[in-house]
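See below for the structure under consideration.
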Amino acid sequence: PGERHHQQHEDVISNDLMHQNNSSTQESGQRKEIYTYEAPWTVFAMAWSHRPDPSSQFRLALGSYVEQYSNSVQIVKKLDGSAEMFSSCQFDHPYPCTKILWTPDRTAGARDILATTGDYLRLWSLSDDPSTENGVISKKEALLNNSKNSEYCAPLTSFDWNESDPNIVGTSSIDTTCTIWDVNTQQARTQLIAHDKEVFDLAFARGPHVFASVGADGSVRMFDLRSLEHSTIIYESPNLDPLLRLVWNKSDPNYLATFTLDSCQTTILDIRIPSIPFATLGGHSGCVNAISWAPHSSSHICSAGDDSQALIWDLGPMGSGNSKGNKGGNTLVEDPILAYNAQGEINNLQWCTSYPDWVGICFGSKLQILRV
């Protein structure tokens, strides 16, 4: 059945991926590459695999968004030298995934594990299917539940997998809590009331100890696993509007990015200067839905939204990546260095850590991967 969803590679005319200033990072004659995959349902959750897969050039996981109990996850591959992307595996998932991530553990011999959140945190193991070429077999490894009340579960809004210690996963919930899980024992290490209202996202900084969360109370709060009795409010949105997403700059952990509900702007924070945004990124004419830092550069970030645009920004000129910070606070940046127009409102976005020349976006039932 996956054969129907193959999509052909497109050679993109030069004004589709357009430079808004003359960046030297790409030669003007270089072919722009875009690959498109069409799923049988609306795509919401999406994640690149961190580890090289011997049988494919790229591997991604997609989660469906269908307003019913029965939803799905697909593993999508692109083979080296091929122009097609195809589904190598599909398995059932209760409710839509709010987020999906592959294990950051790249050590040789480590198991291939995928995590999803929805009603609970679930772990899935993947292995090659010997009966089919390029096929994958999925197996549900664990359902992690810390609720003492069996009749009620508070849905999980998001989670993050600690890259420095792949045994640690942190989840956020509508019940105002964040939970830190031990993957090996499949037990909760700790659960804490993180916000005054629903928690919408959680992200680990570089290193095993520090994480931050955002939520409906409009605050960004920072925690340290070594002293969880204290947290620091590093930013509150104007009018305490709900903050939906949070991403931490892994190249320079002084910087975070977040955005509020129904906002066309992205807020960049410098944790050394609490309460005042370091910068605000404009550029979108519809609300922002997703943001992702470049994995290989401390000064580049991508944002995407309801205006069907994916915009790449360079914060380098403002001092991002150095130790001084922006003492003046809140520079408004309106001009991205790169813009891409998709054929629909972009719901999700992720910059690939293994191959940092590639960004993935989701709109409607399509996944597109763009060479930037």
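Reading the sequence shown from the start, the letters are residues 761 to 1132 in the numbering used here. Note that the Cβ used here is the ideal one computed from N, Cα and C, for glycine as well.
N- and C-terminal bounds of the beta strand (DSSP E) containing S887
Indexing the sequence shown from 1 puts residue 887 at position 127. Note, S887: beta strand (DSSP E), 881-888.
For L861 and chain B, any beta-carbon pair shorter than 8 Å?
Here there is only one protein chain, and chain B is not present.
What does a CB cutoff of less than 6 Å around P1077 pick up in its chain, not counting 5 residues either side in sequence?
One-based indexing of the sequence shown puts residue 1077 at position 317. Counting only Cβ-Cβ distances below 6 Å, and skipping sequence neighbours, we find nothing.
Give a yes or no on whether the C-beta atoms belonging to V974 and T1018 are separated by under 8 Å.
As a working note, residue 974 is residue 214 in the sequence shown. As a working note, residue 1018 is residue 258 in the sequence shown. In this structure, T1018 lies closer than 8 Å to V974 by Cβ.
If we call anything under 8 Å between Cβ atoms a contact, is I1051 one with I1036?
The residue you call residue 1051 lines up with position 291 of the sequence shown. The residue you call residue 1036 lines up with position 276 of the sequence shown. No. Outside cutoff.
State the DSSP-derived secondary structure class of N1090, mapped to helix, strand or coil.
Position 330 of the sequence shown, counting from 1, holds the residue named residue 1090. Coil.
Closer than 8 Å by C-beta to S887: which residues in its own chain qualify, once you throw out the five before and the five after it? Chain order, please.
Position 127 of the sequence shown, counted from the start, is the residue given in the question as residue 887. A distance below 8 Å between beta-carbons, with the five flanking residues on each side excluded, links S887 to the following residues of its chain, in chain order: D872, V896, I897, K899.
Please state whether DSSP places G1076 in a helix, a strand or coil.
Numbered from its first residue, the sequence shown carries residue 1076 at position 316. Three-state result, G1076: helix.
So, helix, strand or coil for S784, using DSSP?
For the purposes of this step, residue 784 is taken as residue 24 along the sequence shown, with counting starting at 1. Note that S784 has pLDDT 30, beneath the 50 cutoff, so the model's placement of it is unreliable and no number is given.
Beta-carbon separation of L1016 and L988 under 8 Å?
Here residue 1016 refers to the residue found at position 256 of the sequence shown. Here residue 988 refers to the residue found at position 228 of the sequence shown. No. Outside cutoff.
Excluding the 5 residues preceding and the 5 following F964 in the sequence, name in chain order all residues of the same chain whose CB lies nearer than 6 Å to its CB.
As a first step, residue 964 must be located in the sequence shown, where it is residue number 204. Taking C-beta separations shorter than 6 Å and ignoring five residues to either side along the sequence, the partners of F964 in its chain run D920, N922, F971, following chain order.
Whose C-beta lies closer than 8 Å to the C-beta of L839 among residues of the same chain, with five residues either side of it excluded?
Position 79 of the sequence shown, counting from 1, holds the residue named residue 839. Closer than 8 Å at Cβ, skipping near neighbours: S815, S816, Q817, N894.
8 Å Cβ shell around P854 - same chain, five flanking residues per side excluded
In the sequence shown, the residue the question calls residue 854 occupies position 94. Taken in chain order, the residues that qualify are Y829, S830, N831, G878, D879.
Under the three-state reduction of DSSP, which class applies to P998: helix, strand or coil?
Taking the first residue of the sequence shown as 1, we reach residue 998 at position 238. Reduced to three states, the DSSP call for P998 is helix.
Going by DSSP, name the residue or residues bridged to L1041.
One-based indexing of the sequence shown puts residue 1041 at position 281. Bridge partners of L1041: T1026, V1093.
Own chain residues within Cβ distance below 8 Å of S1068, not counting five before or after
Along the sequence shown, one-based indexing puts residue 1068 at 308. So the list reads G1046, N1101, A1102, Q1103, G1104, E1105, I1106, F1123, once near-sequence residues are dropped.
Three-state secondary structure (DSSP) of T945:
Stepping through the sequence shown from its first residue, residue 945 is reached at position 185. In this structure, DSSP gives T945 a state outside helix and strand, which the three-state scheme calls coil.
What does the alpha-carbon distance come out to for the pair E770 and W862?
As a first step, residue 770 is located in the sequence shown; it is residue number 10 there, counting from the start. As a first step, residue 862 is located in the sequence shown; it is residue number 102 there, counting from the start. Low per-residue confidence applies at E770: pLDDT is 39, beneath 50, and the placement is therefore not dependable, though the value from the model is reported in the following sentence. Rounded to whole angstroms, E770 and W862 show a C-alpha spacing of 27 Å.
Please say whether I1129 and Y912 have beta carbons closer to each other than 8 Å?
To locate residue 912, count along the sequence shown from 1; it is residue 152. To locate residue 1129, count along the sequence shown from 1; it is residue 369. The beta carbons of Y912 and I1129 sit no closer together than 8 Å.
Tell me the DSSP bridge mates of Q834?
Start at 1 with the first residue of the sequence shown, and residue 834 comes out as number 74. Its beta-bridge partners are L822, Q850.
Through-space distance from A902 to D813, alpha-carbon basis:
Residue 813 sits at position 53 when you count from the first residue of the sequence shown. Residue 902 sits at position 142 when you count from the first residue of the sequence shown. D813 and A902 have their C-alpha atoms roughly 23 Å apart.
Work out the CA separation of I1072 and A976 for me, nearest whole Å.
For the purposes of this step, residue 976 is identified with residue 216 of the sequence shown, where counting begins at 1. For the purposes of this step, residue 1072 is identified with residue 312 of the sequence shown, where counting begins at 1. Roughly 27 Å separates the two Cα atoms.
Using 10 angstroms around the beta-carbon of A868, count the other beta-carbons present and answer buried if the total reaches 16, otherwise exposed.
Taking the first residue of the sequence shown as position 1, residue 868 is located at position 108. Counting of Cβ neighbours within 10 angstroms places A868 among the exposed residues, the total staying below 16.
With a CB to CB cut of under 6 Å and the five nearest residues on each side skipped, what residues in its chain are close to I928?
Taking the sequence shown and counting its residues from 1, the one referred to as residue 928 is at position 168. Excluding positions up to five away in sequence, the list reads N922.
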